[in-house]
Each structure stands twice: as structure tokens, then as C-alpha cells.
Amino acid sequence: MLELARTRNAKRAVLSSSAAVYGNPTRLPVTEESVLNPLSPYAASKISAESYFKAYGNIHGIEPVILRYFNVYGPRQAYSAYSGVISIFINQALNNQSITVEGDGSQTRSFIYVDDVVEATYAAAQSPKAKGQTINISGTDSTSILDLANRIKAVAGSTSKIIHMPPRKGDVRQSIGAMKKAARILDFTPRVGLDEGLSRTVDWYRQAAV
2 MLELARTRNA KRAVLSSSAA VYGNPTRLPV TEESVLNPLS PYAASKISAE SYFKAYGNIH
62 GIEPVILRYF NVYGPRQAYS AYSGVISIFI NQALNNQSIT VEGDGSQTRS FIYVDDVVEA
122 TYAAAQSPKA KGQTINISGT DSTSILDLAN RIKAVAGSTS KIIHMPPRKG DVRQSIGAMK
182 KAARILDFTP RVGLDEGLSR TVDWYRQAAV
């Protein structure tokens, strides 16, 4: 993709990175200056990609902008064992299967709806102030996985039971990103709250199954 950007004389490229690079932070919310502490090969690969992206951009004169997405969700997210927890929970809830929570469910995430992510990414491609910046793209609230399971169960009108599985190795315990930089540089604040986003997403999955 970077080589294509270079051959087409693109002035800027935007990299989709991940909040996983922060690991388990010592302070919340996580800022862009927080220490990077990858807990999984996936997170380590994102840090490597960021470094390569900046180096390539500097060599070839392409303005690099890095967006560290937190937990993105919404319609059309593929369902698999490795997809986002929301699509997994929705699939289980709509089929009245047991909703499987890893660990005690107290781990928290900051979920952001896909439409908001699209808006932020477009702003990153256009804003003059975004040149060379690394920016968190996060929801504004922190939600426990157990609370998420209960919300999805309610929205779906499901009879599913919530069961607990062993915790996953390398799983981040707490995660929410500071959004001051996104507001200042991209003039971006998420518009879609979690309840509304879950309702839209459940409706889409329900219709897609028909």
C-alpha cells in the first residue's frame, strides 16, 4: 500500500493501528504518550508497522498519520473466534446460545462505532494539523465485558445464559483512550453512544440472518 502511495505521488497515508500497543497501562485514560507494552504478537506487529510506516514516509516524502483504534464494532463485522467480542456476543445472543465471557468479565474496553471510525479516518486524511501525528480513536466510556454481555442480551431480547470461561492469555485488563488530541487535531468526537450502536448492530445481524 505504501509503495502504491509512493508511485501515485500521494502526499499522505493513514495507518490503522491498535490500542493493543499499550498493553496494560498504569494510568487511564491512555494518552498517545503512554508507554508501549505489547502483550501479544498482534500488538508487537502493530508497533513494528508503526515504525516502518513512519520510516517509509520520511524517506519518500509521504506524510504519515497513525490512528490507534480502540474497540471498533458495527454492522458487517465478520463473526469468528478471532473477531471482536461484540459480534461474537451478538451471534450467541440471537441464537439463544450461552454468551461466553472470558475470565470474570471485569476487564473493561472502550467501544467505538464504525461510522465514527470512518469519520475520524477521513478527518485524519484531510486535516493539515494531522501531519506526522499519532492519535487515539476511542469511545468516550469504559464498559466491562460482563456489562456488555448483559446489554447485548437485553437488546437482542435473548434467553441466553452468561457463562464464564478461563481468561485468555495476553488479554488487556483495562482500556480507554484519551481523546483530547483527536478533538484538537481532527475536530473529532464520537457521535454514536454504545446503546445506540448496539441497537443498530443487533438489527443488522438480525436482518442479515433472514
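To get the numbering used here, take the position in the sequence shown, counting from 1, and add 1. We treat Cβ as the ideally placed atom computed from N, Cα and C, and that holds for glycine.
Tell me the DSSP bridge mates of residue i?
i    : result
I163 : I100
I67  : L16, T135
G178 : V31
Apply the 10 Å Cβ neighbour rule to residue i and answer buried if 16 or more other Cβ atoms are within range, or exposed otherwise.
i    : result
I60  : exposed
G171 : exposed
G1   : Residue 1 is absent from the model: the chain starts at 2 and stops at 211.
A125 : buried
Helix, strand or coil: how does DSSP classify residue i here?
i    : result
F189 : coil
S52  : helix
V211 : Unreliable placement is indicated for V211, whose pLDDT of 49 sits below 50; no coordinate value is reported for it.
N137 : strand
R9   : coil
N72  : strand
Y80  : coil
V31  : strand
I91  : helix
R201 : helix
Can you tell me the Cβ-Cβ gap for residue i and residue j, rounded? I've got them flagged as a contact below 8 angstroms.
i    : j    : result
A121 : L195 : At roughly 17 angstroms, the Cβ-Cβ gap does not stay under 8 angstroms, so A121 and L195 are not in contact.
I100 : F90  : 5 angstroms
A21  : K47  : 6 angstroms
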